[in-house]
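A.B. asks: The sequence shown runs 5 to 231 under the working numbering.
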Amino acid sequence: MNKKYIVGNWKSNKTEPDIEIWFQIISDKLAPGKNSITQETTVVVCPVYTHLPLVKKLIEKYQLPIHIGAQDISPFDTGAYTGEVAGVQIAQYAEYVLVGHSERRKYFHEDDALLQQKVKQAQFHNLSVIYCVPDDKTAVATGVNIVAYEPVWAIGTGKTDTGENANKVAASIKKSSKVQTVLYGGSVTDLNCNEFLTQKNIDGLLPGSASLDAIKFWNLINNVTST
Ligand code: PGA
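Listed below in structure tokens is the structure:
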């Protein structure tokens, strides 16, 4: 059985008190001796940079089988790059990093050359890259570990791709990029996730808004572990 991923992208949401509550709820389900996540499932949450230490602290406190991802990474090493967070700084807290999310491409005009630099920094600091693309025509940078297929029109709209088409796109991405793991993202919820999880070429999910609610996220984890 292939490994399945569920990666919650919190985007620019949540305050520290919100995060404390989210972890209280999740720990009720996932703490040792309660429900367990199967070996085949990897759960990741991606908070904003400033919340990385708190998320790490809470995962340790409740001993949860949850991994941490950053939502972005500087294309440069440490140095005079005001406002940027470098790979070495992220790697103190996270194992994963999102690169090329469509919101970064759209609002911050990130292009392929810049994204390749970010992937290089991530690789240098042993961060696994989850590289987001809106379709199978978009180039995938070299050195990427996981690709997330997220059609722009499906992000935050409540509309999803069909499982069948997402599977086709995932297969095509695997073929052209040689990346073995492709996730689907775009309005994924605990109610529609099975359509994607049952597809041969889809290896997990990248939910945004459904990951903000701990109960919905827990339901998603349950679906991933049982398919
Ligand atoms: P959404 O976001 O689940 O809220 O559509 C997904 C994403 O942008 O990663």
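The beta-carbon is built from N, C-alpha and C at its ideal position, and this holds for glycine as well.
Quick one: using the 10 Å Cβ neighbour count with 16 as the cut-off for buried, is residue 56 buried or exposed?
C.D. replies: The residue labelled residue 56 in the question sits at position 52 within the sequence shown. By the neighbour-count rule (16 or more Cβ atoms within 10 Å), residue 56 is buried.
A.B. asks: Helix, strand or coil for residue 45, going by three-state DSSP, please let me know.
C.D. replies: On the sequence shown, position 41 is the one that residue 45 refers to. Strand.
A.B. asks: Is the separation between the beta-carbon of residue 34 and that of residue 68 shorter than 8 Å?
C.D. replies: For the purposes of this step, residue 34 is identified with residue 30 of the sequence shown, where counting begins at 1. For the purposes of this step, residue 68 is identified with residue 64 of the sequence shown, where counting begins at 1. Contact flag set, yes.
A.B. asks: Between which two residues does the alpha helix (DSSP H) harbouring residue 77 extend?
C.D. replies: Looking up residue 77 in the sequence shown gives position 73. Where residue 77 is concerned, there is no enclosing alpha helix (DSSP H), given that its DSSP letter is neither H nor E.
A.B. asks: May I have the straight-line CA-CA distance separating residue 51 from residue 14, to the nearest angstrom?
C.D. replies: On the sequence shown, residue 51 is found 47 positions in, with the first residue counted as 1. On the sequence shown, residue 14 is found 10 positions in, with the first residue counted as 1. Between residue 51 and residue 14, the C-alpha separation is close to 5 Å.
A.B. asks: Nearest by alpha-carbon distance to residue 149: which of 183, 136 and 155 is it?
C.D. replies: Translated into the one-based positions of the sequence shown, residue 149 becomes position 145. Residue 149 has its Cα closest to that of 183, out of 183, 136 and 155.
A.B. asks: Indicate whether the contact test is met: 3 or more Cβ pairs, each with one atom in the region 156 to 172 and one in the region 115 to 133, closer than 8 Å.
C.D. replies: The region 156 to 172, when compared against the region 115 to 133, does not touch it at the 8 Å Cβ threshold.
A.B. asks: Under 6 Å, CB to any heavy atom of ligand 1. Which residues pass, going along the chain?
C.D. replies: Going along the chain, the residues that qualify are 13, 154, 159, 160, 189, 190, 191, 192, 210, 211, 212, 213 and 214.
A.B. asks: Would the region 8 to 22 and the region 77 to 86 be scored as touching if the rule is three or more Cβ pairs under 8 Å?
C.D. replies: At 8 Å Cβ cutoff, the stretches do not touch.
A.B. asks: Would you give the residue range spanned by the beta strand (DSSP E) that residue 152 belongs to?
C.D. replies: Looking up residue 152 in the sequence shown gives position 148. Looking at the DSSP string, the run of the beta strand (DSSP E) that includes residue 152 is 150 to 153.
A.B. asks: Just to confirm, are residue 49 and residue 72 a CB contact at a threshold of 8 Å?
C.D. replies: Taking the sequence shown and counting its residues from 1, one reaches residue 49 at position 45. Taking the sequence shown and counting its residues from 1, one reaches residue 72 at position 68. Contact flag set, yes.
A.B. asks: In angstroms, rounded to a whole number, what distance separates the CA positions of residue 232 and residue 153?
C.D. replies: Because the chain in this structure spans residues 5 to 231, residue 232 falls outside the shown range and cannot be described.
A.B. asks: Tell me the rounded alpha-carbon separation between residue 117 and residue 181.
C.D. replies: Walking along the sequence shown from the start, residue 117 turns up at place 113. Walking along the sequence shown from the start, residue 181 turns up at place 177. Cα-Cα distance, rounded: 16 Å.
A.B. asks: Please give the ranges of any beta strand (DSSP E) in the region 80 to 154, keeping only runs that are unbroken, at least 3 residues long and fully inside the region.
C.D. replies: Fully enclosed beta strand (DSSP E) runs of 3 or longer: 100 to 103, 132 to 137 and 150 to 153.
A.B. asks: Tell me residue 205's beta-bridge partners as DSSP assigns them.
C.D. replies: Residue 205 sits at position 201 when you count from the first residue of the sequence shown. Partner(s): none; residue 205 has no beta bridge.
A.B. asks: Mapping the DSSP letters down to three states, classify residue 18 as helix, strand or coil.
C.D. replies: On the sequence shown, residue 18 is found 14 positions in, with the first residue counted as 1. Residue 18: coil per DSSP, three-state reduction.
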